[in-house]
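Heads up: the structure comes next, in structure tokens.
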Amino acid sequence: IYALRKVTMENNENSVDSKSIKNFEHKSMDSGISLDNHYKMDYPEMGLCLIINNKNFHKSTGMASRSGTDVDAANLREIFMNLKYEVRNKNDLTREEIVELMHNVSKEDHSKRNSFICVILSHGDKGIIFGTNGPVDLKKLTRNLEARA
């Protein structure tokens, strides 16, 4: 998100598009992240953006409802749709549903996509994210996500 904000501010516009981002491929941002080693982005489709928005949690977790998260999810959806991503929103998923969803997405054919983006809006801590019924290890979610030639 920082890179998107950076592009918007430098272009003095209220929107971001993929053309704007390409103008910054070879620049370093204030964060110190170098974009010289950029990711190949010339596939037929921009990619898939999965937004998991957990707002309401089971009482057994002791977790409070996350107010404002629906606005964040809607803003993210708009940003990635403007960048020509296929956006899928999922709401209030249990830890088991998150694991199953990530597994299923990893099995899809991504060969025509530039990238896969997953945004999880939820409670969390170092190395874990909360489904509506409890925590799940981030490594468990990402272990099947790797580039395949």
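Numbered per the numbering used here, the sequence shown finishes at 1402, counting up by one with no gaps.
We put the beta carbon where it would ideally sit given N, CA and C, even for glycine.
Could you compute how far the alpha carbon of Ser1318 sits from the alpha carbon of Asn1309? 5 Å
May I ask which residues mark the beginning and end of the alpha helix (DSSP H) holding Met1355? Arg1348 to Lys1360
Could you tell me the distance, in whole angstroms, from the CA atom of Thr1347 to the CA atom of Glu1298? 30 Å
The alpha helix (DSSP H) that contains Asn1306, what's its start and end? Asn1306 -> not in any alpha helix (DSSP H); beta strand (DSSP E) instead, spanning Glu1298 to Asn1306.
So the alpha helix (DSSP H) Asp1323 belongs to, where does it begin and stop? Thr1322 to Asn1335
Cβ shell of Thr1395 (< 6 Å), same chain only, five flanking positions each side left out: none
What would DSSP say about Ser1313, mapped onto helix, strand or coil? helix
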